[in-house]
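Enquirer: Take a look at the following structure, please.
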Amino acid sequence: MPSVSSLLRLSVVVAGAALALSFPMLAPNPYILSAGVVVASYAVLSTSWNFVGGFTGYISLGHGAYVGLGAYGTGLLIIKAGLPSFAALLLSAALVAALAVPIGIASLRVRGASFVIVSISLVLILLLIFQSWASFTGGSNGLVVPRPFPGLRRPDHHLVFFYLFCALLAVALLSWWVIDRSRFGMGLKAIREDEDKAQSLGTPTFAFKLLAFVASATFTALGGGLYALWFGDLDPVFQFSILTGAYMVLMALLGGVRHLFGPLLGALVVGSALEYFKVEYGSTQLHLVATGLLLAAVVLFMPDGVIPALSDVYNRLFRPRATSIREATAAELRSQEEVRG
Amino acid sequence: MLTFQSVILGVLLGGLYALLAAGLTLYFGVMRVVMIAHSAFLILAAYLAWYFHRETGIDPLVSLVGTVPLFFVLGVAMQRLLISRLRAATLTMMSVLLTFAIALLIEGLLGYVFSGTQRRTQLSYSGTSLDFFGARVAVVKLIAFGLAAAALLGLYVLLKASRFGLALRATIQHREAAQLAGIDTNRVAGYGFGLGLATAAIGGTALALDTTIYPSLHWHWIGPLMAIIVVGGLGSVPGAAIAAMLLGLTQSLLQLPLGTTWAQTVFYVALFATLAFRPQGFFGGRLAQRF
């Protein structure tokens, strides 16, 4: 029989999913709905990022590269190769997965600082290439991606893509959950805690890291490709942006990288805040200031994220027995265990 | 002749890269921190020099009198108040994020205060150039190089000849051993940070002399600089200087056949080649792979 806490958790998840799915009905106008699509896409991206960042502790600031590659791959396959929209999306993600293998082999050889440097460099180099190679990518003039459903009116277009992003998010969350409970996930988490020990205990660390890296890149590319189909207009400056990567890291860290729903929670907070800033302050650079301040605050004060910070407070207030100094005797504890079991 | 011109320009550019990479190497050496905000401070210093010149009409080089001490103090404060608060276990990763946040903050504030408009310092000698064995070299580029070379030389003398330099090098080599020898490594690390940021102040002033500046310019500098310190071997000042000269020269030479944008990719090619074949860097640097 499932315990109370797991029932509670399940009901929270169901309620959250129901709330998310009914969001289009609650949204007062198409603009809010489109903001919802953006937030959903951020949730997909930060959850995808968490396959590497959360499990292995390798913090990539350059996941914007895979967003851009997925988006441009999808757009170019539709325009240049004449593929149907969603076939192009899947093929593009498969191509990014193939590309992520050599990139992963090169960058996962080094740890810590060097890994971050490589991840940032990748975005910068791809930005250079996609801007310069204008004959193929459209360069700074942008690339217009044809819509998958030309007959749909704009609000319905947002509606369809909101559900598509939710479906992708569900797949990503489910995959993360499955990995989290598997031997593979155990190995990845061992890498996060102490890579040398994990290796000496026989975990194939390099293969595990690479697999997680490729999975993360693939989901990120799917998110980017879906965004391309939704938004329909690509510009290298926005697709290959360090900022995108920074947002993913910020969202995941804010929510808590060790938790399944951490990045999703972070995406809800940061994504909504970003959309709000866009409306209020438009083209000023204040959103950069806000992002910078928030990121610095998270790194300095709650590097484990909101979820552990809140559950700490909850435990301190409502479950005083969870403190390290036991106030109950061993016999009392045993009797409590019997009552609970 | 054009090639000779490129070589000269490459050396001049390499000098500036070398100074800035030396700053990055100092941060990494004392704290194992990759300071993403280094180039943002560079652009900040360039803006301060430009603003100083616009408001007072005095030569922007004079602004160094103010920016160098200011940046030194900022660097010490940053290390003491922010970086040293991070947990030791995740210091490298978290400091990257923290300095990245600072870079965003600087870029955003520059954009907010000075707007995104491109700025350029107009000086009486902006257009003047010298004839150097048939190559034409702009005076401002020479001044920038001279400034960078003098600062680098000063840094070298400070590190090699002073007691503080000895303490700093000891801290870089082995922190615990330095502590056992009676060095206050926290204070030394703070000063190391200050020195690093001071190089950004000097580099930024040099940059303001002959470059059009805008708030997001720092992204064009951080990539090459990080590539330089990886190629040079993280933590090695001479390695960074050699790598800076070589890559600056290569970039300048490739600009002729390939154009400005593609020539920039040389840094990333060198970065990936280094990681593929010699992750500890090509010039010295035993530290790299583990950090």
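Keeping their order, the protein sequence lines are chains X and C. Reminder that position 261 of the first sequence reads as 261 in my numbering, one-by-one numbering, no gaps. Count along the second sequence from 1, then add 1000; that gives the number in my numbering. Don't be surprised by glycine CBs; every beta carbon is placed ideally from N, CA and C.
Using 8 Å as the Cβ pair cut-off and three pairs as the minimum, do the stretch 1056-1067 of chain C and the stretch 77-91 of chain X touch?
Expert: Too few Cβ pairs lie closer than 8 Å, so no.
Enquirer: DSSP three-state label for LEU152(X), please.
Expert: Reduced to three states, the DSSP call for LEU152(X) is coil.
Enquirer: Using only the alpha-carbon positions, how far apart do GLN1289(C) and VAL116(X) sit?
Expert: Summary for GLN1289(C): the model assigns pLDDT 38, below 50, so the residue's position carries little reliability; its value from the coordinates is reported in the next sentence. Answer to the nearest angstrom: the Cα atoms are 13 Å apart.
Enquirer: Chain C beta carbons: is any one of them nearer than 9 Å to that of HIS63(X)?
Expert: It does not; no Cβ of chain C falls within 9 Å.
Enquirer: How would you label GLY82(X), buried or exposed, when you count the other beta carbons within 10 angstroms and need 16 or more for buried?
Expert: So GLY82(X) ends up on the exposed side.
Enquirer: Would a check of beta-carbon distances place PRO303(X) closer than 9 Å to chain C?
Expert: It does: the Cβ of PRO303(X) has a partner Cβ on chain C nearer than 9 Å.
Enquirer: Using a Cβ-Cβ cut-off of less than 8 Å, list which residues of the stretch 1231-1253 of chain C approach chain X; keep chain order.
Expert: Those would be LEU1234, in chain order.
Enquirer: Taking DSSP as the reference, what is the three-state secondary structure of LEU143(X)?
Expert: In this structure, LEU143(X) counts as strand in the three-state DSSP scheme.
Enquirer: Beta carbons nearer than 8 Å to chain C: which residues of the stretch 95-114 of chain X have them?
Expert: Answer in chain order: ALA106, SER107, ARG109, VAL110, ARG111, GLY112, ALA113 and SER114.
Enquirer: For SER241(X), I'd like the list of residues in its chain whose CB is within less than 6 Å of its CB, leaving aside the five on either flank, ordered along the chain.
Expert: Excluding sequence neighbours, SER241(X) sits near GLY64.
Enquirer: Quick check on SER41(X): does DSSP put it in helix, strand or coil?
Expert: It is helical.
Enquirer: Classify ILE1058(C) as buried or exposed, calling it buried when 16 or more other Cβ atoms lie within 10 Å of its own Cβ.
Expert: ILE1058(C) comes out exposed.
Enquirer: Put VAL1137(C) into one of helix, strand or coil per three-state DSSP.
Expert: Strand, per DSSP.
Enquirer: For the alpha helix (DSSP H) that ASP1210(C) lies in, which residues bound it at each end?
Expert: Residues 1185-1210.
Enquirer: Could you tell me which of MET1035(C), PHE1193(C), LEU1110(C) and VAL1140(C) sits nearest to ILE1213(C), measuring between CA atoms?
Expert: Of the candidates MET1035(C), PHE1193(C), LEU1110(C) and VAL1140(C), the one whose C-alpha sits nearest the C-alpha of ILE1213(C) is LEU1110(C).
Enquirer: Name the two residues that bound the continuous beta strand (DSSP E) containing ASP1131(C).
Expert: Note, ASP1131(C): beta strand (DSSP E), 1129-1132.
Enquirer: Would you say ALA1200(C) and LEU1020(C) are within 9 Å of each other, going by their C-beta atoms?
Expert: It is a contact, given that the beta carbons lie within the stated cut-off.
Enquirer: Starting from ALA134(X), find everything on chain C with Cβ-Cβ shorter than 9 Å and list it in chain order.
Expert: Here the premise fails: no neighbours, minimum Cβ distance about 10 Å.
Enquirer: Excluding the 5 residues flanking ALA27(X) on each side, which residues of the same chain have their C-beta closer than 8 Å to its C-beta?
Expert: If we look at ALA27(X) and ignore the five residues flanking it on each side, its Cβ neighbours are LEU33 and GLY36.
Enquirer: Given 8 Å as the limit, is there contact between the stretch 68-80 of chain X and the stretch 193-212 of chain X, that is, 3 or more CB pairs closer than that?
Expert: Judged by Cβ distances under 8 Å, the stretch 68-80 of chain X makes no contact with the stretch 193-212 of chain X, as fewer than three pairs qualify.
Enquirer: Should LYS1141(C) go down as buried or exposed, given a rule of 16 or more other Cβ atoms within 10 Å for buried?
Expert: Buried: at least 16 other Cβ atoms inside 10 Å.
Enquirer: Contact criterion: CB-CB distance below 9 Å. Does GLN239(X) meet it with respect to chain C?
Expert: False, the Cβ-Cβ gap to chain C never drops below 9 Å.
Enquirer: I want to know whether the stretch 214-223 of chain X touches the stretch 90-99 of chain X - three or more CB-CB distances under 8 Å.
Expert: A contact exists between the stretch 214-223 of chain X and the stretch 90-99 of chain X.
Enquirer: When burial is assigned at 16 or more other CB atoms within 10 Å of the CB, is VAL13(X) buried or exposed?
Expert: By the neighbour-count rule (16 or more Cβ atoms within 10 Å), VAL13(X) is not buried but exposed.
Enquirer: Quick check on ALA1089(C): buried or exposed, where buried means 16 or more other Cβ atoms within 10 Å of its Cβ?
Expert: It is exposed - the Cβ of ALA1089(C) has fewer than 16 other Cβ atoms within 10 Å.
Enquirer: Tell me which residues share the same chain as GLN199(X) and place their Cβ nearer than 7 Å to its Cβ, disregarding the 5 neighbours each side in the sequence.
Expert: These residues qualify, in order along the chain: THR205.
Enquirer: Pull up the DSSP beta-bridge partners for ASP342(X), would you.
Expert: Only positions 1 to 341 of chain X appear in the structure, and residue 342(X) is not among them; the question remains open.
Enquirer: Helix, strand or coil for VAL96(X)? Go by DSSP, reduced to three states.
Expert: In this structure, VAL96(X) counts as helix in the three-state DSSP scheme.
Enquirer: Just reading off the alpha helix (DSSP H) that LEU1086(C) is part of, what are its end residues?
Expert: Run containing LEU1086(C): none; DSSP gives neither H nor E here.
Enquirer: Give the straight-line distance between the Cα atoms of PRO1279(C) and SER121(X), rounded to the nearest whole angstrom.
Expert: Those two C-alpha atoms are separated by around 15 Å.
Enquirer: Roughly how many angstroms separate the alpha carbons of LEU1013(C) and GLY1248(C), rounded to a whole number?
Expert: If you take the alpha carbons of LEU1013(C) and GLY1248(C), they lie about 6 Å apart.
Enquirer: Quick check on GLY341(X): buried or exposed, where buried means 16 or more other Cβ atoms within 10 Å of its Cβ?
Expert: At GLY341(X), the pLDDT of 44 sits below 50, so the modelled position is not reliable and the matter cannot be decided from this model.
Enquirer: Report whether the distance from the Cβ of ALA1200(C) to the nearest heavy atom of the ligand MG is below 8 Å.
Expert: In the structure on display, the ligand MG does not appear, and there are no ligands present to speak of.
Enquirer: What does ALA207(X) reach in chain C if we use C-beta pairs closer than 7 Å?
Expert: By Cβ distance, chain C contributes nothing, its closest Cβ being about 18 Å from ALA207(X), past 7 Å.
Enquirer: Which residues of chain C have a Cβ atom closer than 7 Å to the Cβ of LEU121(X), listed in chain order?
Expert: Per the sequence shown, residue 121(X) should be read as Ser rather than Leu. The answer, in chain order, is GLY1223, MET1226, ALA1227, TYR1268 and LEU1271.
Enquirer: So, does the CB of LEU188(X) fall closer than 9 Å to a CB anywhere in chain C?
Expert: No, its Cβ sits nowhere closer than 9 Å to a Cβ of chain C.
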